[in-house]
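Heads up, the sequence shown is in numbering that gives the first Met the number 0, so the first residue is 0 and it goes up one at a time.
All C-beta atoms, glycine included, are put in the ideal place defined by N, C-alpha and C.
Quick caveat, the model's predicted, so the values are computed rather than measured.
One structure below.
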Amino acid sequence: MGDVDSAITEWRRILGRDGVLDHGSSLDVLLENCGGMERQIIAVVFPRGTADVIRIVNAANKYLVPLYPISRGKNYGLGSRLPVKDGCAVVSLEKMNSVVEVNLNHGYAVIEPGVTQHQLYKYLRDSGTPYFLDTTGSGRDTSILGNILDGGDTYYSRRDLRDLEVVLGNGSLIKTGLSHYGNALAGHLSSVGVGPNLSGLFRQSNFGIVTKAAVGLLPVGEDHAIMVCNVDNDSLLPQLINKLSSLRREAVLRSSVHISNRDRIEIYIKPMAYKYAADFLHKNDESETLDFAEYVFRKGGFGAWSAVTGIFGTKPEVYAVKKEIKRVLHGIGKLKFIKKSTLDFLEVIPLDYVKALAYAMKPLYEITRGVPTDVALYTVHWPLGHFPNNELLDPDKCKKCGLLYYLPIIPTDGDTANMVVWKIKDIFSDNKFTPYITLNMVTQDTLEGVVNLSFDRSDKDQALRARNCIDKTMRELADKGVYPCRVDIDSMDKVLVDDSFWRLVQNLKKICDPNGIIAPGRYNFI
């Protein structure tokens, strides 16, 4: 440990007293996380711009005090705001929240790391731009750059991150792509330029702090719909995956397909139906409200697996895509296409369960139009038997909410995916947990699994079983050649092995950050 007191004194001189937290209850609150992980941090610092970040990093090097950068700290289930190693000062970039530029000719936005999904959505909406952001379902206040740089999934899985501005661990400022040439006309148009593509170095790494980036936007299409395909039993999952993969391969489907098991759909639909009953039907009796939620889910006709994807383009394009989907998926499951007009129609049908289903489907439809939502956070609370009030919606603030993830990357081969699913089910069942599974077909060749494990983190025995369950799942599937695409802060050692890949990563760290200042241990041995 370096000279912490001197570092904090210098950071206060740079940022002012309000720009540094180093003790008291405010710091304790920041340590709360739904993963139940424990770390010790020495301070939290709040830079207001790139110049502040450079000065913070230089002071950290001077006094040899490690830093852990976060954007908004909404990395639920993977560590939230906490560093991999004890003894770090957390660099919270939430005050760096400027939308620097939106380019309508080329469809991109230049943003700082504190910009949230809702902030950019509102900016684009209020400006009347013909573009929308490819959002993630994790919440309105999620950082756009934080999610992409950590390898998070987005609804359409475009992840169009272009040139970056980065403060390296040695204190130097670099720009990737062509932007390091000050007058490059194509600077924000691509992640590549002359020479190696350095942009990818800063995804899941600890070489520096990204302070700005250009992110691609999606055009608002003339027509838009979501496809929902429900299959009745587990035996049809391999066939469903193979058919959907062929649709991706032939470019009929151009965006991610989200394939969820019945348990995962249940913890989404039921709390939405519960909320509808409480807010619109004014049901005050808890038992009656829960019965209504159960009834709505049962009437929804959800099968063992449900596949959902967004379709947008011109009216002839959407028509042709729907026609081909119907042909390819014929006989596999119940297929439906939902448009805004569909939801509007359902909302006026005089049946409460139909209106509740429309209410539940509306945020799902809107997220495919770039409208971020917090409704996915209900799925963290529902398995624990309660519906949160607004103050406790953030799972880090709820003392009972426990959440861990297993996030494998799987080939789009139906039999392989089925093997992985059954292995997960067996391990979770042995540990008395329910796996809430979504398989995101992010490319024609790969599925990124999102497996939620919900537990009561106020129960120490249950928290320990949850940790052991995730560790065992990761270990046993790695033995079968299935590895994660992201891990939590307690699982870095599960993916680090002594091979040439990780040795190169270690050597790059020594070049970019010779004192090991930035996020020690994050996807790296050092």
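Opposing strand residues paired with residue i [DSSP bridges]
i: residue 69; result: 91
i: residue 405; result: 450
i: residue 130; result: 218
i: residue 483; result: 407
i: residue 212; result: 110 and 163
i: residue 100; result: 109
i: residue 226; result: 308 and 336
i: residue 207; result: 167
i: residue 445; result: 410
Close-in-space but distant-in-sequence residues of the same chain around residue i (CB under 6 Å, 5 per side omitted)
i: residue 91; result: 43, 45 and 69
i: residue 93; result: 71 and 113
i: residue 97; result: 111
i: residue 52; result: 46, 166, 208 and 210
i: residue 515; result: 525
Residue i versus the options, residue with shortest Cα-Cα distance
i: residue 5; options: 260, 251 and 59; result: 59
i: residue 83; options: 436, 93, 287 and 67; result: 67
i: residue 491; options: 197, 509 and 405; result: 405
i: residue 75; options: 373, 518 and 442; result: 373
i: residue 79; options: 27, 33 and 126; result: 33
i: residue 365; options: 495, 250 and 117; result: 117
i: residue 402; options: 385, 380 and 296; result: 380
i: residue 315; options: 399, 41 and 251; result: 251
i: residue 39; options: 86, 12, 2 and 51; result: 86
i: residue 232; options: 331, 172, 49 and 176; result: 331
i: residue 189; options: 168, 219, 206 and 158; result: 158
i: residue 370; options: 399, 107 and 139; result: 139
i: residue 325; options: 243, 433 and 463; result: 243
i: residue 229; options: 26, 375 and 260; result: 260
i: residue 467; options: 432, 319 and 345; result: 432
i: residue 235; options: 258, 452, 502 and 220; result: 258
Reduced DSSP secondary structure (H/G/I, E/B, other) of residue i
i: residue 78; result: coil
i: residue 508; result: helix
i: residue 161; result: strand
i: residue 335; result: strand
i: residue 387; result: coil
i: residue 455; result: strand
i: residue 172; result: strand
i: residue 191; result: coil
i: residue 303; result: coil
i: residue 145; result: helix
i: residue 400; result: strand
i: residue 64; result: coil
i: residue 20; result: strand
i: residue 372; result: coil
i: residue 324; result: helix
i: residue 525; result: coil
i: residue 378; result: helix
Residues of its chain near residue i, where Cβ-Cβ distance is below 7 Å and the 5 sequence neighbours each way are ignored
i: residue 481; result: 407, 409 and 419
i: residue 282; result: 276, 288 and 291
Neighbourhood of residue i by C-beta, 8 Å cutoff - its chain only, sequence neighbours within 5 removed
i: residue 422; result: 472, 475, 476 and 479
Taking only runs of the beta strand (DSSP E) that begin and end inside the stretch 27–62, which ones reach a length of at least 3 residues, in chain order?
-> 40–44, all fully within the stretch 27–62.
Which ranges would you report for the alpha helix (DSSP H) in the stretch 413–440 if only whole runs of at least 4 residues count?
-> DSSP runs (the alpha helix (DSSP H)) wholly in the stretch 413–440: 413–429.
Could you name each continuous alpha helix (DSSP H) segment of 4 residues or more that falls completely within the stretch 238–319, going from the start of the chain to the end?
-> If you keep only unbroken alpha helix (DSSP H) runs of at least 4 residues inside the stretch 238–319, you get 261–278 and 285–298.
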